[in-house]
Amino acid sequence: MNRHDIPMLRAQESYPSLSIFVRTHRAMPAREQDPITVKNLVKEAKERLLKEFSARELEALFAKIDESVVKIDYARSKDGIAIFVNANVSKVFRLPVSVESRVIIDKVFALGEIDRIVHRLVQYYLLLLNEKSVRLYSGVGSILHEISDGGFPLSYERPRVETMQYKVNNEIVRHSPHDSEYFDEHKRQFMRKVDEACKVATKDRPLPLIITGADRTMSFFKEVHKQPIAAEVSGDFELYSIFDLADAIEPATKKLWEEKQKNKLAEFDQAVGKLHHAFGIRAVWKMAQEGRIKDLLVEEGYAVPGAINKADSTNIMLASDSTLPGISDDLVDLVVAKVVEQGGSITFVDQDKLRGYEQIAAILRF
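Counting in the numbering used here, the sequence shown runs from 4 upward without gaps.
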């Protein structure tokens with residue numbers, strides 16, 4: 004999943020749009036059951052669709068569903084899989100957190116779960132400083148996507164000895180192949196190029212930057228990079244797969260996430276002191292409809308089935324059974340989508356972090 008996928012999926016509106024979420028397993032023998040779970044969910048989806056359409060009408064859609072399932076690499080599926088299929092789109096994503104296995108059929112894709120995942124995981128850039136090349140990735144939790152903007156990846160070539168010469172008082176001065184000062188300066192010049200490329204590639208979406216590589220290589224980059232670096236992970240990762248690289252930086256991303264939670268909760272405490280806050284699903288819903296939410300905080304696992312009041316969209320009616328007609332599975336998903344649409348930020352926090360605030364709270368703009 005990359006930063007362009009969610010807006011693309013959100014723009015889709017076609018009935019039926021099928022969303023399948025699957026809880027998967029990283030380790031054997033539990034992982035052996037994952038293909039069976041997918042098969043059963045696909046069967047459920049097809050049976051539900053056949054109640055509304057003829058087999059002939061669904062032929063093309065069913066073919067796209069089957070093609071999507073074939074693409075799944077269960078050995079790399081992490082903790083979950085999301086499958087999105089309609090007449091125009093077929094996408095399969097690995098998910099870095101567990102999800103409830105379920106099938107949703109609607110005129111739009113069920114992106115509330117994806118919004119939750121994206122916003123409850125740390126988002127960052129990873130700069131991989133290898134000896135011979137530099138690569139840039141965008142990351143969401145343990146999922147990495149390589150960036151090709153700004154000239155990345157960049158290759159580094161050590162200078163040839165015969166090029167290491169310049170004039171001093173009309174005399175040619177040649178450096179020894181072992182002249183470390185010359186090589187160091189050459190590496191610094193390359194790192195300036197890396198820094199400029201990094202600025203171009205990340206300017207539209209500022210995020211924390213993690214750097215990895217040998218200590219000496221990282222020190223050259225830090226000399227020229229004037230912005231804060233969120234974390235450093237020392238090591239030689241040149242031959243690592245993208246999956247192994249994500250595992251190697253997991254302690255750093257976990258620490259970033261803990262810091263984000265801590266900082267956002269501190270901001271909320273300040274907002275409470277200034278009375279610039281709201282809490283509880285009813286109050287938060289009303290503030291979201293009025294466009295007043297700057298930052299939304301939600302406890303992990305909090306979900307509320309209910310319906311929007313047709314006479315007054317700023318009010319909601321809560322329900323105990325989400326399967327009843329007209330009842331939304333989760334009003335929290337709708338709040339999250341509304342706040343994202345209005346440019347607000349979302350932070351999912353650990354359970355009990357909003358004790359006393361009914362598990363959902365907001366920092367208000369005004």
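All residues carry an ideal CB built from backbone N, CA and C; glycine is no exception.
Checking 8 Å against the spacing of the C-beta atoms, do residue i and residue j come in under that value?
i	j	result
F282	I363	yes
V352	L278	no
T326	H122	no
D37	K94	no
I150	L139	yes
I284	V307	yes
A291	V227	no
K356	E302	yes
S136	L157	yes
K1	T317	The chain is shown from 4 up to 369; residue 1 falls before or after that span and cannot be answered.
G304	M320	no
Y127	L259	yes
I252	L129	yes
D108	L52	In the sequence under discussion, the amino acid at residue 108 is Ile, which differs from the Asp named in the question. Cβ atoms of I108 and L52: closer than 8 Å.
R29	Y77	no
G115	V339	yes
Q15	V92	yes
M194	F224	yes
R79	F246	yes
How many whole angstroms separate the CB atoms of residue i and residue j, which I take to be in contact at a CB cut-off of 8 Å?
i	j	result
L21	N89	7 Å
R97	I117	Not confirmed; about 12 Å, so no contact.
I23	I86	4 Å
V100	G144	7 Å
Mind checking residue i: buried by the 16 CB within 10 Å criterion, or exposed?
i	result
R295	buried
D332	buried
Y18	exposed
S237	exposed
L12	buried
V203	exposed
L248	buried
F369	exposed
G359	exposed
K267	buried
Query raised in the report: Which whole runs of the beta strand (DSSP E) in the segment 41 to 89 are 3 residues long or more, in chain order?
Result: Those beta strand (DSSP E) runs which fall completely within the segment 41 to 89 and span 3+ residues are 83 to 88.
Query - Minimum length 3: unbroken beta strand (DSSP E) runs contained in the segment 227 to 291 - result: Entirely contained in the segment 227 to 291, the beta strand (DSSP E) runs reaching 3 residues are, in chain order, 234 to 237, 280 to 282.
Query raised in the report: Counting Cβ pairs closer than 8 Å, one from the segment 100 to 112 and one from the segment 37 to 51, do we hit at least three?
Result: Counting C-beta pairs closer than 8 Å gives three or more between the segment 100 to 112 and the segment 37 to 51, which meets the contact rule.
Report task. Please confirm if the segment 211 to 219 is in contact with the segment 227 to 235, defined as three or more CB-CB distances below 8 Å between the two stretches. Result -> They touch, by the three-pair rule.
Requested in this report: Entirely within the segment 103 to 174 and at least 3 residues each: give me those beta strand (DSSP E) ranges in chain order.
Outcome: Residue ranges of uninterrupted beta strand (DSSP E) with 3 or more members, entirely inside the segment 103 to 174 and ordered along the chain, are 105 to 109, 126 to 132, 136 to 143, 146 to 150, 168 to 171.
Report task. Would you list, in sequence order, the uninterrupted alpha helix (DSSP H) runs of no fewer than 4 residues that lie entirely inside the segment 183 to 211? Result -> If only complete runs of 4 or more residues are kept, the segment 183 to 211 shows the alpha helix (DSSP H) at 183 to 205, in order along the chain.
**Report entry** Touch test, the segment 186 to 205 against the segment 217 to 224, Cβ-Cβ under 8 Å, three pairs minimum
**Finding:** A contact exists between the segment 186 to 205 and the segment 217 to 224.
Query raised in the report: Where in the segment 296 to 356 do unbroken runs of the beta strand (DSSP E), each at least 3 residues long, occur, reported from the N-terminal end onward?
Result: Counting only runs of 3 or more residues that sit fully inside the segment 296 to 356, the beta strand (DSSP E) segments are 296 to 302, 309 to 311, 319 to 321, 348 to 352, in chain order.
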